[in-house]
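Q: Chains as they are written, first to last, in UniProt numbering: chain Y, 1 to 203; chain E, 1 to 203.
Note that CB positions come from ideal geometry on N, CA and C, so glycine has one too.
Number of protein chains: 2
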Amino acid sequence: MQDPRINSKEPLENKESRWIGLYKLEYSDPKGNKRFWEIAERKTRGSSELDAVGIVSLLKSKNNESTQIILCLQFRPSINKMSVEFPAGLVDREETPEKAALRELEEETGYHGKIVSSYYTMYSNVGMTNTNNKLIFVEVDLDDEINKNPQQKLEEDEFITIVIVPIKNLFSTLQEYEKKGYGIDSNLGSFALGLHMSASLLQ
Amino acid sequence: MQDPRINSKEPLENKESRWIGLYKLEYSDPKGNKRFWEIAERKTRGSSELDAVGIVSLLKSKNNESTQIILCLQFRPSINKMSVEFPAGLVDREETPEKAALRELEEETGYHGKIVSSYYTMYSNVGMTNTNNKLIFVEVDLDDEINKNPQQKLEEDEFITIVIVPIKNLFSTLQEYEKKGYGIDSNLGSFALGLHMSASLLQ
Numbered sequence: 001m002q003d004p005r006i007n008s009k010e011p012l013e014n015k016e017s018r019w020i021g022l023y024k025l026e027y028s029d030p031k032g033n034k035r036f037w038e039i040a041e042r043k044t045r046g047s048s049e050l051d052a053v054g055i056v057s058l059l060k061s062k063n064n065e066s067t068q069i070i071l072c073l074q075f076r077p078s079i080n081k082m083s084v085e086f087p088a089g090l091v092d093r094e095e096t097p098e099k100a101a102l103r104e105l106e107e108e109t110g111y112h113g114k115i116v117s118s119y120y121t122m123y124s125n126v127g128m129t130n131t132n133n134k135l136i137f138v139e140v141d142l143d144d145e146i147n148k149n150p151q152q153k154l155e156e157d158e159f160i161t162i163v164i165v166p167i168k169n170l171f172s173t174l175q176e177y178e179k180k181g182y183g184i185d186s187n188l189g190s191f192a193l194g195l196h197m198s199a200s201l202l203q
Numbered sequence: 001m002q003d004p005r006i007n008s009k010e011p012l013e014n015k016e017s018r019w020i021g022l023y024k025l026e027y028s029d030p031k032g033n034k035r036f037w038e039i040a041e042r043k044t045r046g047s048s049e050l051d052a053v054g055i056v057s058l059l060k061s062k063n064n065e066s067t068q069i070i071l072c073l074q075f076r077p078s079i080n081k082m083s084v085e086f087p088a089g090l091v092d093r094e095e096t097p098e099k100a101a102l103r104e105l106e107e108e109t110g111y112h113g114k115i116v117s118s119y120y121t122m123y124s125n126v127g128m129t130n131t132n133n134k135l136i137f138v139e140v141d142l143d144d145e146i147n148k149n150p151q152q153k154l155e156e157d158e159f160i161t162i163v164i165v166p167i168k169n170l171f172s173t174l175q176e177y178e179k180k181g182y183g184i185d186s187n188l189g190s191f192a193l194g195l196h197m198s199a200s201l202l203q
């Protein structure tokens with residue numbers, strides 16, 4: 001194994017791209033004026049109207065005092081460095097968000113979980129794209145036999161390292177990863193900031 | 001005023017775009033294999049290595065029991081609907097993130113604030129772009145004369161409505177906006193989920 005790296009970067013014309021489309025929108029603003037906006041879109045969105053799911057895994061065991069969570073580390077060409085993220089993935093065509101969450105959790109981490117809850121659809125970066133995702137909360141019973149010896153089921157071109165941390169240490173863990181040069185995913189980072197600030201903000 | 005709407009959507013070639021660039025990367029994976037990745041990038045990034053800031057505004061007053069927060073509502077062509085977001089904006093060239101946060105807060109809401117804290121840089125949508133942002137926490141003293149009669153300073157093509165809610169109601173407020181058809185920004189939505197789940201997750 002070696003450090004991944006970017007070898008070259010070339011402009012790509014829209015008509016030649018496979019995964020990302022570039023579009024120009026003309027819209028009417030609230031005063032009725034015609035204006036233009038540029039956006040990038042995934043070319044892979046299925047019928048679910050949802051691009052991706054992120055998995056907030058809640059690892060519980062009789063032996064652990066506090067709930068733990070799984071983080072994924074991987075090289076991301078877009079930022080030319082390692083990132084720290086929730087387990088996550090694109091929703092396949094005809095797949096529900098919940099089914100996608102359990103499938104991706106199993107593929108990326110080896111753990112089997114049960115759906116706890118999911119909430120609103122969220123849009124990342126609405127100034128630039130229409131890309132969206134949901135955070136799905138999944139409980140993983142570490143005392144269940146099926147979770148005793150988890151094995152990742154990665155594709156040949158996937159290289160994901162998982163780390164497990166107590167949720168109460170999530171925010172400080174992310175600060176440490178930033179010092180080590182990792183890029184922090186914004187869903188994960190914002191969620192951790194909400195947890196961290198809750199004591200001072202909620203009265 | 002009328003409801004904004006999309007009139008047309010046309011494919012855009014990379015060489016003709018002004019704001020978003022499309023690129024093809026060749027990279028070496030951890031096994032040394034050469035692979036390709038497509039990304040979209042802002043063409044506007046300055047020297048700060050940071051595209052944007054989001055502002056977590058903490059509105060405090062002697063008369064209020066709980067801290068309030070400002071949310072921005074605006075039509076987003078990328079998703080063809082209204083969004084609910086933190087006040088936010090691009091960081092100008094040669095501008096610090098903190099200066100950008102105070103400037104954007106004043107422009108979008110009329111309120112003057114003081115920097116409380118900021119944390120890690122976060123990457124939105126690392127599978128698709130290199131776009132990044134920071135959440136900056138800003139305190140606004142509602143009892144200060146300068147904040148008695150806030151006036152937005154929007155550009156001619158900006159239409160932003162602000163709403164002020166107690167932070168303890170943030171999560172339920174977002175759920176209501178989704179029911180009304182708004183798109184929820186993922187930084188805001190993830191932060192609110194962290195706040196909401198803190199009681200059950202942190203022991």
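Taking C-beta pairs closer than 7 Å, name the residues in chain Y that residue 124 of chain E reaches, listed in chain order.
A: Going along chain Y in sequence order, the residues near residue 124 of chain E (Cβ under 7 Å) are 124, 125 and 186.
Q: If residue 154 of chain Y sits next to residue 146 of chain Y, beta carbons under 8 Å apart, how far is it from one beta carbon to the other, in whole angstroms?
A: That belief does not hold up - the Cβ atoms of residue 154 of chain Y and residue 146 of chain Y are roughly 19 Å apart, past 8 Å.
Q: What are the residues of the segment 32-44 of chain Y that lie near chain E, defined by any Cβ-Cβ distance shorter than 9 Å?
A: Listed in sequence order: 32, 33, 34, 35, 36, 37, 38, 39, 40, 41 and 42.
Q: Can the beta-carbon of residue 39 of chain E be found less than 8 Å from the beta-carbon of residue 78 of chain Y?
A: Yes. Within cutoff.
Q: Can you tell me which of the three DSSP states residue 97 of chain E falls into?
A: Here residue 97 of chain E sits in helix by DSSP.
Q: Please go through the same chain and pick out, in chain order, the residues whose beta-carbon is closer than 7 Å to the beta-carbon of residue 189 of chain Y, but skip the five residues on each side of it.
A: If we look at residue 189 of chain Y and ignore the five residues flanking it on each side, its Cβ neighbours are 174.
Q: When DSSP builds the beta bridges, which residues end up paired with residue 179 of chain Y?
A: According to DSSP, which records beta bridges pairwise, residue 179 of chain Y is partnered with nothing at all.
Q: I want to verify the contact list: residues of chain E whose CB lies under 8 Å from the CB of residue 22 of chain Y, in sequence order.
A: Ordered by position in chain E, the residues that pass the 8 Å Cβ test against residue 22 of chain Y are 11, 12, 13, 14, 17, 20, 22 and 40.
Q: Under 8 Å, Cβ to Cβ, is there at least one residue of chain E near residue 55 of chain Y?
A: Residue 55 of chain Y does not count as touching chain E.
Q: Can you tell me whether residue 4 of chain E is buried or exposed? The criterion is at least 16 other CB atoms within 10 Å of its CB, across all chains shown.
A: Classification of residue 4 of chain E: buried, given that the 10 Å Cβ count is 16 or more.
Q: For residue 133 of chain Y, return the contacting residues in chain E, with the cut-off set at a CB-CB distance below 8 Å.
A: Near residue 133 of chain Y (Cβ distances below 8 Å), the residues of chain E are 186.
Q: Which of the three DSSP states, helix, strand or coil, is assigned to residue 64 of chain Y?
A: Looking at residue 64 of chain Y - three-state DSSP - the assignment turns out to be coil, as it is neither helix nor strand.
Q: What is the rounded straight-line gap between the Cα of residue 170 of chain Y and the Cα of residue 192 of chain Y?
A: Each residue's alpha carbon lies about 6 Å from the other.
Q: Could you work out which residues of chain E lie near residue 192 of chain Y, taking near to mean beta carbons separated by less than 7 Å?
A: Under the 7 Å cutoff, chain E gives 194.
Q: For the alpha helix (DSSP H) containing residue 197 of chain Y, list its first residue and its last residue.
A: Run containing residue 197 of chain Y: 186-201, per the alpha helix (DSSP H) assignment.
Q: According to DSSP, which residues form a beta bridge with residue 81 of chain Y?
A: Y:76.
Q: Taking residue 125 of chain Y as the reference, which of E:158, E:136 and E:90 has the closest Cα?
A: Ranking E:158, E:136 and E:90 by Cα distance to residue 125 of chain Y puts E:90 first.
Q: Am I right that residue 57 of chain Y and residue 87 of chain Y are in contact with their C-beta atoms under 8 Å? What's the rounded C-beta distance?
A: About 7 Å; that satisfies the 8 Å criterion.
Q: With distance defined between alpha-carbon atoms, name the residue in E:49, E:29 and E:64 nearest to residue 183 of chain Y.
A: It is E:49.
Q: Report the partner residues of residue 122 of chain Y according to the DSSP bridge assignment.
A: Paired residue(s): Y:133 and E:184.
Q: Smallest Cα separation from residue 202 of chain E: which of Y:196, Y:135, Y:33 and Y:85?
A: Comparing Cα-Cα distances from residue 202 of chain E to each of Y:196, Y:135, Y:33 and Y:85, the minimum goes to Y:196.
Q: For the pair the segment 132-152 of chain E and the segment 28-42 of chain E, tell me if three or more CB-CB distances fall below 8 Å.
A: Output reads no: the segment 28-42 of chain E does not touch the segment 132-152 of chain E.
Q: Would a check of beta-carbon distances place residue 136 of chain Y closer than 8 Å to chain E?
A: Judged by the 8 Å Cβ criterion, residue 136 of chain Y is not in contact with chain E.
Q: Under 8 Å between the Cβ atoms of residue 12 of chain E and residue 22 of chain Y?
A: Yes, these two residues count as a Cβ contact at 8 Å.
Q: So who's on the other strand from residue 11 of chain E, going by DSSP bridges?
A: Residue 11 of chain E pairs with Y:23.
Q: Any beta carbon from chain E within less than 8 Å of residue 70 of chain Y's own beta carbon?
A: With 8 Å as the cut-off, residue 70 of chain Y does not count as an interface residue toward chain E.
Q: By the 8 Å beta-carbon criterion, what residues does the segment 148-174 of chain Y contribute toward chain E?
A: Correct list: 157, 159, 167, 168 and 174.
Q: If we call anything under 8 Å between Cβ atoms a contact, is residue 108 of chain Y one with residue 151 of chain Y?
A: Contact: no.
Q: Can you tell me whether residue 172 of chain E is helix, strand or coil according to DSSP?
A: Residue 172 of chain E: helix per DSSP, three-state reduction.
Q: Can you name the start and end residues of the beta strand (DSSP E) that residue 163 of chain Y belongs to?
A: Residue 163 of chain Y -> beta strand (DSSP E) spans 161-166.
Q: Label residue 158 of chain E either buried or exposed according to how many other C-beta atoms from any shown protein chain fall within 10 Å of its C-beta, with 16 as the threshold for buried.
A: Answer is exposed; the Cβ neighbour count stays below 16.
Q: Which residues of chain Y have a Cβ atom closer than 8 Å to the Cβ of residue 178 of chain E, listed in chain order?
A: Near residue 178 of chain E (Cβ distances below 8 Å), the residues of chain Y are 120 and 121.
Q: Assign residue 199 of chain Y to one of two classes, buried (16 or more other C-beta atoms within 10 Å of its C-beta) or exposed (fewer than that).
A: Classification for residue 199 of chain Y: exposed.
Q: Please compile the residues from chain Y whose C-beta is within a distance smaller than 8 Å of the C-beta of residue 96 of chain E.
A: In chain order: nothing, as chain Y lies at least about 18 Å away.
Q: Determine the chain Y residues that contact residue 61 of chain E at a beta-carbon separation under 8 Å, and present them in chain order.
A: Simply none; closest approach about 14 Å.
Q: Whose C-beta lies closer than 8 Å to the C-beta of residue 111 of chain E among residues of the same chain, with five residues either side of it excluded?
A: If we look at residue 111 of chain E and ignore the five residues flanking it on each side, its Cβ neighbours are 57, 59, 70, 105, 140, 147 and 150.
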